[in-house]
Amino acid sequence: MGAKVRLSEDSYKSESICVHYRKSIYLPKYKSYHMKHHFADFLDRTGNYWTIIPNNERFIYSLDDEVTDKNSIRIITIGKNDRHWKLIFEFPNLEELTLHEPSKEQLEAISSLTQLKRLRITHARPKNIEFIESLENIEELVFEYVSGFSDLSPLNKLKKLRSLHLECLRRVHDFSGLAGIDTLKYLYINGTLDWNQPIANFTFLEGLPNLEVLKLIWITNKSDYPALIPILKLKHLKTIHIPDSAFTAKEYAFLEVALPGVDGAVYEPYSEYISGTYYFLGKGSGYVKCSSPFAEEKCDKFIQEYEIMKQQAISIIEKNL
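Under my numbering, read the sequence shown as residues 345 to 665, first letter to last.
Dropping the structure here:
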């Protein structure tokens, strides 16, 4: 029946993926096992969106107690256990900083590092992110497992921000604070394997006129159909990536019609797990065993329903152009 084959749920939990989910990694410098953070590189290295070092290389750049040539330091990683972390203010050419499990003092202090171009913050609980407002030269920003705050609007102060990776922001559900970042070309929003990132609505997309790449992975959509109608404003979008069960089937039909020529906007109406099951596109659409005598009939019926959804999407789009 021409179904697209995709990996089963178990196959997503292979070692290559499990590194994203509480895999124990021993770090000699820190004399401990870090259980709660992945060290895989989920940044899309195609194009010119990301130059920040991969996750698994962060500790290569850990701060030593003694630095002989301060002018040569361009990349550094610090955390709450680094006694001499204030040396970072003596590196005139510092361009990239990773804060891994930083202290409150460290977070607040980086506001003076206005020369930074790339910043990664992991495992932190700031009450707000106002400390970032002064970092006017930031081009690439990564937040991983940063909770405690809910307001993203300080990011609007970053007038050179090109690429933004947001992963597991526990208190954030309103992303309207992103609207107005005219320079943003790459946006990634994700939860974790055991927690979906809630998104209240997608109106913030209307305020990202130059966005080229949009990736929404483990998320929960909180708005009604057509939730993704703001995507019509993304005139420069080149790539979209959304798993095929994050939204209802009607939303995927809308995407296909709304984004002709955009990579990733076309979905198969159903796909086959390795376990021998056809899963219909969209959240709550159901499934049928490949061996069922009714499999072909049900698949054909869903294809017809999906075509109707696309026609409905066309009508909505025509009214909003």
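Yeah, the Cβ is synthetic: ideal placement off N, Cα and C, and Gly gets one too. Just so we're clear, the structure is a prediction, and the values are computed from it rather than from any experiment.
Have a look at residue 587 and residue 626 and give me their C-alpha separation to the nearest angstrom.
Their backbone Cα atoms lie some 9 Å apart in a straight line.
Taking three-plus beta-carbon pairs below 8 Å as touching, is the segment 518 to 525 in contact with the segment 540 to 557?
A contact exists between the segment 518 to 525 and the segment 540 to 557.
Starting from the Cα of residue 579, find the closest Cα among 452, 606, 592 and give me that residue.
Answer by Cα proximity: 606.
Drop a sphere of 10 angstroms on the beta-carbon of residue 633, count the other beta-carbons inside from all chains shown, and report buried for 16 or more, exposed for fewer.
With fewer than 16 other Cβ atoms within 10 Å, it is exposed.
Mapping the DSSP letters down to three states, classify residue 586 as helix, strand or coil.
If DSSP states are grouped into helix, strand and coil, residue 586 belongs with coil.
State the start and end residues of the unbroken alpha helix (DSSP H) segment that holds residue 659.
Note, residue 659: alpha helix (DSSP H), 639 to 664.
Run the CB neighbour count on residue 610, radius 10 Å, all protein chains shown included, and call it buried at 16 or more, exposed below.
Result: exposed.
At a cut-off of 7 Å, is residue 464 close to the ligand MN when judged by its beta-carbon and the heavy atoms of the ligand?
Judged by which ligands are present, the structure shown has none, so any question about the ligand MN falls away.
Roughly how far, in whole angstroms, is the beta-carbon of residue 613 from the beta-carbon of residue 624, given that I think they are within contact range, below 8 Å?
The pair is a contact, with the Cβ atoms about 7 Å apart (cut-off 8 Å).
First and last residue of the alpha helix (DSSP H) that includes residue 596?
Residue 596 -> alpha helix (DSSP H) spans 593 to 602.
Let's test the definition: count the other Cβ atoms within 10 Å of the Cβ of residue 416 and tell me whether it reaches 16, buried, or not, exposed.
Its Cβ having fewer than 16 others within 10 Å, residue 416 is exposed.
What does DSSP give as the partner residues of residue 557 in its beta bridges?
Paired residue(s): 530, 583.
Would residue 566 and residue 517 be called neighbours here (beta carbons separated by less than 8 Å)?
A contact, by the Cβ cut-off of 8 Å.
Would you mind sorting residue 534 into buried or exposed? The rule is 16 or more other CB atoms within 10 Å of its CB.
When all chains shown are included, residue 534 counts as buried.
Among 490, 654, 590, 460, which has the Cα closest to the Cα of residue 479?
Among 490, 654, 590, 460, the Cα nearest to that of residue 479 is on 460.
Which of helix, strand or coil does DSSP assign to residue 394?
Here residue 394 sits in coil by DSSP.
Keeping to the same chain, check which residues put their C-beta closer than 6 Å to that of residue 545; ignore five residues upstream and five downstream.
Correct list, in chain order: 567.
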